[in-house]
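Undergrad:
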Amino acid sequence: MNILLSNDDGYRAEGLNVLECVLAERGHDIYVSAPDTQQSGKSHSMTIHGRVTVTEYAPHHFHVSGTPADCIIYSHRCSLFPVEFDAVVSGINHGYNLSTDIIYSGTCAAARQAAFLGIKAIAVSAEDGCGTSLFERAAHFLADNLEAFLSNIKDRTFMNINVPEAFAGEYELAGIGEIIYNDSVAVRGIDGDKRILEIDSAELEYYPSRTGYRADHEVCRSGRAAVSVVETHPVISASMEQFKA
32 MNILLSNDDG
42 YRAEGLNVLE
52 CVLAERGHDI
62 YVSAPDTQQS
72 GKSHSMTIHG
82 RVTVTEYAPH
92 HFHVSGTPAD
102 CIIYSHRCSL
112 FPVEFDAVVS
122 GINHGYNLST
132 DIIYSGTCAA
142 ARQAAFLGIK
152 AIAVSAEDGC
162 GTSLFERAAH
172 FLADNLEAFL
182 SNIKDRTFMN
192 INVPEAFAGE
202 YELAGIGEII
212 YNDSVAVRGI
222 DGDKRILEID
232 SAELEYYPSR
242 TGYRADHEVC
252 RSGRAAVSVV
262 ETHPVISASM
272 EQFKA
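Under my numbering, the first residue of the sequence shown is numbered 32, with each subsequent residue one higher.
1. Can you find at least 3 beta carbon pairs, one from the stretch 113–128 and one from the stretch 145–165, that sit closer than 8 Å?
2. Give a yes or no on whether the C-beta atoms belonging to residue 34 and residue 118 are separated by under 7 Å.
3. May I ask you to report which of helix, strand or coil DSSP gives residue 68?
4. Return the CA-CA distance between residue 82 and residue 197, expressed in angstroms with no decimal places.
5. Here's a check: name, in chain order, each residue in its chain whose Cβ is nearer than 7 Å to the Cβ of residue 104, leaving out the five neighbours to either side.
6. Tell me the DSSP secondary structure of residue 129 in three-state form.
7. If distances are taken between C-alpha atoms only, which option among 230, 62 and 195 comes closest to residue 164?
8. How many angstroms separate the CA atom of residue 231 from the CA atom of residue 178?
9. Can you pull the DSSP bridge partners for residue 190?
10. Residues in its own chain within less than 7 Å of residue 133 by CB, not counting five upstream and five downstream?
11. Using only the alpha-carbon positions, how far apart do residue 102 and residue 39 sit?
12. For the beta strand (DSSP E) holding residue 229, just list the boundary residues, first then last.
13. May I ask you to report which of helix, strand or coil DSSP gives residue 137?
14. Using 8 Å as the Cβ pair cut-off and three pairs as the minimum, do the stretch 170–189 and the stretch 223–230 touch?
15. Who pairs with residue 213 in a beta bridge, going by DSSP?
16. Would you report the Cα separation of residue 252 and residue 202, rounded to the nearest angstrom?
17. Go ahead and pull the three-state DSSP assignment for residue 46.
18. From what residue to what residue does the alpha helix (DSSP H) around residue 148 run?
19. What residue range does the alpha helix (DSSP H) around residue 250 cover?
20. What are the start and end residues of the beta strand (DSSP E) that includes residue 37?
21. Report, in whole angstroms, the separation of the C-beta atoms of residue 98 and residue 146, which I expect to be a contact under 8 Å.
22. Could you check the C-alpha separation between residue 247 and residue 80 for me, to the nearest Å?
23. Do the CB positions of residue 75 and residue 55 come within less than 7 Å of each other?
24. Which residue or residues does DSSP assign as beta-bridge partners of residue 93?
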């Protein structure tokens with residue numbers, strides 16, 4: 032398969048490089064379009080005003096002075112690559128992208144943008160701080176199941192996979208849970224009328240999925256990889272169906 036890799040940790044990130052090696056070993060043709068700097072938490076932001084610089088650092092490997100969504104848009108619209116892609120894989124991210132974090136995640140945004148363009152896409156993330164071993168296990172897990180996963184991705188969806196440190200090969204179809212961040216913000220300095228602020232800490236509250244499946248964060252805590260199918264477009268809620276102007 033022709034597979035485009037991207038991420039939000041930047042083109043030098045270990046997770047992306049491990050994923051490329053494993054997929055290439057399986058016989059896939061790998062192409063890369065990834066940010067040139069750290070873009071975590073950029074969500075689906077894109078460069079509308081201003082220019083984006085795209086640099087080829089190896090054959091069919093580009094780093095982009097933009098966001099993860101830019102990486103997919105410019106790769107697709109400007110024909111940087113000589114092929115059409117069978118799939119886009121974003122990751123392997125350094126840290127989970129679970130539940131509410133799907134909204135903030137640049138990793139998920141790259142996959143979502145690919146889905147917008149009609150390309151089957153998977154976002155892959157691994158528990159933070161676990162190193163090369165977990166990246167390798169996550170990459171082999173994806174490679175082993177790639178065709179099956181892609182066959183289950185329908186229009187207007189992408190797949191989101193999160194792999195915990197305790198992962199031993201088992202996975203579970205998971206619902207999207209909810210995580211509430213009770214952030215504590217500290218004042219780091221005062222410069223005239225300016226205040227320098229920084230998030231100091233956050234107490235997290237976890238809530239279950241509203242589907243019939245266990246929440247993704249619950250699945251990962253059980254030691255299994257959480258595999259979720261995410262809608263790219265909002266679905267009208269039941270309460271809206273009852274709305275009357």
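Idealized CB from N, CA, C, for every residue including glycine. Since the model is a prediction, treat every value here as computed from it, not as a measurement.
TA: In this structure, then:
1. yes
2. The count along the sequence shown starts at 1 and reaches residue 34 at position 3. The count along the sequence shown starts at 1 and reaches residue 118 at position 87. Yes.
3. In the sequence shown, residue 68 corresponds to position 37, counting from 1. Coil.
4. Here residue 82 corresponds to residue number 51 of the sequence shown, with the count starting at 1. Here residue 197 corresponds to residue number 166 of the sequence shown, with the count starting at 1. Looking at the two C-alpha atoms, the distance is approximately 43 Å.
5. Taking the first residue of the sequence shown as 1, we reach residue 104 at position 73. Excluding sequence neighbours, residue 104 sits near 77 and 144.
6. Locating residue 129 in the sequence shown gives position 98, counting from the first residue. In the structure shown, residue 129 sits in coil (DSSP, three-state: anything other than H, G, I, E or B).
7. Here the question's residue 164 lines up with position 133 in the sequence shown. Minimum Cα distance to residue 164 is reached at 195.
8. Numbered from 1 along the sequence shown, position 200 holds the residue referred to as residue 231. Numbered from 1 along the sequence shown, position 147 holds the residue referred to as residue 178. About 42 Å.
9. If you number the sequence shown from 1, residue 190 lands on position 159. DSSP output for residue 190 lists 153 and 260 as bridge partner(s).
10. If you number the sequence shown from 1, residue 133 lands on position 102. Excluding positions up to five away in sequence, the list reads 139, 191, 207 and 261.
11. Locating residue 102 in the sequence shown gives position 71, counting from the first residue. Locating residue 39 in the sequence shown gives position 8, counting from the first residue. Whole-angstrom Cα-Cα distance: 10 Å.
12. Within the sequence shown, the letter at position 198 stands for residue 229. Counting along the chain, the beta strand (DSSP E) containing residue 229 begins and ends at 225–238.
13. Stepping through the sequence shown from its first residue, residue 137 is reached at position 106. If DSSP states are grouped into helix, strand and coil, residue 137 belongs with the helices.
14. no
15. As a first step, residue 213 must be located in the sequence shown, where it is residue number 182. Residue 213 is bridged to 234.
16. In the sequence shown, counting from the first residue as 1, residue 252 sits at position 221. In the sequence shown, counting from the first residue as 1, residue 202 sits at position 171. Each residue's alpha carbon lies about 12 Å from the other.
17. Indexing the sequence shown from 1 puts residue 46 at position 15. In the structure shown, residue 46 sits in a helix (DSSP, three-state: H, G or I).
18. Within the sequence shown, residue 148 is the residue found at index 117, counting from 1. Residue 148 -> no alpha helix (DSSP H), and no H or E assigned at all.
19. Locating residue 250 in the sequence shown gives position 219, counting from the first residue. Start and end: 247–252.
20. Counting from one through the sequence shown, the residue named residue 37 turns up at place 6. It spans 33–37 - the beta strand (DSSP E) in which residue 37 sits, taken as one unbroken run.
21. The residue given as residue 98 occupies position 67 in the sequence shown. The residue given as residue 146 occupies position 115 in the sequence shown. About 16 Å; that fails the 8 Å criterion.
22. Counting from one through the sequence shown, the residue named residue 247 turns up at place 216. Counting from one through the sequence shown, the residue named residue 80 turns up at place 49. Straight-line Cα distance between these residues: approximately 36 Å.
23. Counting from 1 along the sequence shown, the entry for residue 75 is found at position 44. Counting from 1 along the sequence shown, the entry for residue 55 is found at position 24. Contact flag unset, no.
24. Numbered from its first residue, the sequence shown carries residue 93 at position 62. In DSSP, residue 93 forms a bridge with 64 and 87.
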